[in-house]
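S.K.:
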Amino acid sequence: MMNQNLETLLEIQDLKAQRRDLAEAGEREVQEQVFGLSVDDAVRELDTKITEMEESLAPQIRARYKRVSARLPRVVAPVINGTCYGCFVAVPTASASDSERNAEIRSCENCGRFLYYVD
Amino acid sequence: MELREFLAEDAIQLDLKGESKDEILKELIGLLGVDEKSQGILFKMLKRRENLGSTGIGRGIAIPHCRSLVVNRLRLAFGRKKGGVDYKAIDDQTVNYFFLIVAPPLEVSNQYLPVLGRIAQFAKEADVPERLSALETPRAFLALLEEKGV
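Just so you know, the protein sequences line up as chains E and U, in that order.
Taking this note's numbering as reference, the numbering of the first sequence is continuous, increasing by one, and the terminal residue is 120.
Taking this note's numbering as reference, the numbering of the second sequence is continuous, increasing by one, and the terminal residue is 238.
See the structure below:
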C-alpha cells in the first residue's frame, strides 16, 4: 500500500511537471497544433488542481511540503538503486519489503525531499 | 534517435480488448510492465491530460501522454483496437490506433518532446492509418517505423 499523502505529493509533482512543460514554447506549439489544446486554459485548470491537492495534504505533511518547495523546485525525488535522484546521495536501505517501501513518508536526510522508491 | 529505441515488442498489442477510452488506457499502461500502484498513478495522470483536451488527433489516431515519477525512463507502447472506440477525438471519429508515451519529469537527454513530435509527424503521413490497419505482427509495426524513418 502506498501512503496516501505520498501518492498526493507524487501527483502534485507530476501535475507541476505537466504545467512546466506547457509553459515552454516547444511544448505549447505541439499541444496547440497537434492536439488543438487551449494551453492557457489548461494551465489555469492545472493550477487550480494543484492548489486543491496541496490543500488536501495532512497539515504536518503540508507544512513540510511548503518548507521543501520554498527552496527546491521538486519536492519528491525517486530513489533508484539506493540513491536519491534529487541530490544523488545514497539513502539508507529501507527496512521494509519492496511492496511496502512507499507505505510511509520518508525524506532524504541530505536534501530533505520526500522519497519515492522506484522498482 | 528512433522511436523503436523506446519500444519493446511486448509493448505492442495489435488486438486491444477494451471497449471504452478508460479500458484502452489501462490496457496500454499494462503493456509497460510497471507495478500495479504505478499503473494506477499513470492512469490518473493520463486521465488528467485527457480531461484538459483529448489526445485523439484525428484519422483514428491518439497519442495519450504524460510525465510521471513512477517511471525512470521514457517508455512507449502501441495498441490497435479493431472497430475503434469513442475517444472524443478532434475529428469526432472513433480511434483505432494508440501511441502511449510516458516519461519521467526530468530526463537527462530530454527526449519527451522530440518523441511526441516524431509520432505526430508519423501519424500525419497519408498512408499511415491504412498501413497500421494492415499490420499482422508487432515486428511489422517496428519495420513500418523504420521504413518511415521515425
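Every residue gets a Cβ at the ideal spot worked out from N, C-alpha and C, and that includes glycine.
Here the structure is a predicted model, which means the values were calculated and not measured.
Would L91(U) and R163(U) be called neighbours here (beta carbons separated by less than 7 Å)?
M.R.: Working through the second sequence from its first residue, we reach residue 91(U) at position 3. Working through the second sequence from its first residue, we reach residue 163(U) at position 75. No, the Cβ-Cβ distance between L91(U) and R163(U) is not below 7 Å.
S.K.: Can you list, in chain order, the residues of its chain whose CB lies under 6 Å from that of M133(U), leaving out five sequence neighbours each side?
M.R.: Mapped onto the second sequence, residue 133(U) falls at position 45. Counting only Cβ-Cβ distances below 6 Å, and skipping sequence neighbours, we find C154, S156.
S.K.: When you compare the CB of T143(U) with every CB in chain E, is at least one pair closer than 7 Å?
M.R.: In the second sequence, the residue the question calls residue 143(U) occupies position 55. With 7 Å as the cut-off, T143(U) counts as an interface residue toward chain E.
S.K.: Would you mind stating whether N46(U) and V119(E) have Cβ atoms separated by less than 7 Å?
M.R.: Outside the displayed span of chain U (89 to 238) sits residue 46(U), for which this structure offers no information.
S.K.: Contact between the stretch 44-54 of chain E and the stretch 173-193 of chain U is defined here as three or more beta-carbon pairs at a separation below 8 Å; is this criterion met?
M.R.: With the cut-off at 8 Å, the stretch 44-54 of chain E and the stretch 173-193 of chain U do not touch.
S.K.: Rounding to the nearest angstrom, what Cα-Cα distance links K135(U) and G141(U) in this structure?
M.R.: In the second sequence, counting from the first residue as 1, residue 135(U) sits at position 47. In the second sequence, counting from the first residue as 1, residue 141(U) sits at position 53. Those two C-alpha atoms are separated by around 10 Å.
S.K.: Mark N6(E) as exposed unless 16 or more other C-beta atoms lie within 10 angstroms of its C-beta, in which case mark it buried.
M.R.: Indexing the first sequence from 1 puts residue 6(E) at position 5. Label assigned to N6(E): buried.
S.K.: Flag this pair as touching only if the stretch 85-93 of chain E and the stretch 107-114 of chain E have three or more C-beta atom pairs under 8 Å; answer yes or no.
M.R.: Touching, yes.
S.K.: Alpha carbon to alpha carbon, how far is E33(E) from E218(U)? Give it in angstroms, no decimals.
M.R.: Position 130 of the second sequence, counting from 1, holds the residue named residue 218(U). Position 32 of the first sequence, counting from 1, holds the residue named residue 33(E). Distance between the alpha carbons of E218(U) and E33(E) is about 26 Å.
S.K.: Taking 7 Å as the threshold (C-beta atoms), are Q101(U) and G167(U) in contact?
M.R.: For the purposes of this step, residue 167(U) is identified with residue 79 of the second sequence, where counting begins at 1. For the purposes of this step, residue 101(U) is identified with residue 13 of the second sequence, where counting begins at 1. For G167(U) and Q101(U), yes; Cβs fall inside 7 Å.
S.K.: Taking the C-alpha atoms as reference points, what is the distance between R65(E) and E8(E)?
M.R.: Reading the first sequence from its first residue, position 64 is the one you call residue 65(E). Reading the first sequence from its first residue, position 7 is the one you call residue 8(E). In a straight line, the C-alpha of R65(E) is about 15 Å away from that of E8(E).
S.K.: Looking at F115(E) and V80(E), is the spacing between their C-beta atoms short of 7 Å?
M.R.: Locating residue 80(E) in the first sequence gives position 79, where the first residue counts as 1. Locating residue 115(E) in the first sequence gives position 114, where the first residue counts as 1. Result no, Cβ atoms of V80(E) and F115(E) do not sit closer than 7 Å.
S.K.: Could you name the residues that DSSP lists as bridge partners for Q101(U)?
M.R.: Counting from one through the second sequence, the residue named residue 101(U) turns up at place 13. Note: Q101(U) sits in a beta bridge opposite G167(U).
S.K.: Per DSSP, what are the beta-bridge partners of G144(U) in this structure?
M.R.: For the purposes of this step, residue 144(U) is identified with residue 56 of the second sequence, where counting begins at 1. For G144(U), which the question treats as bridged, DSSP gives the partners A150(U).
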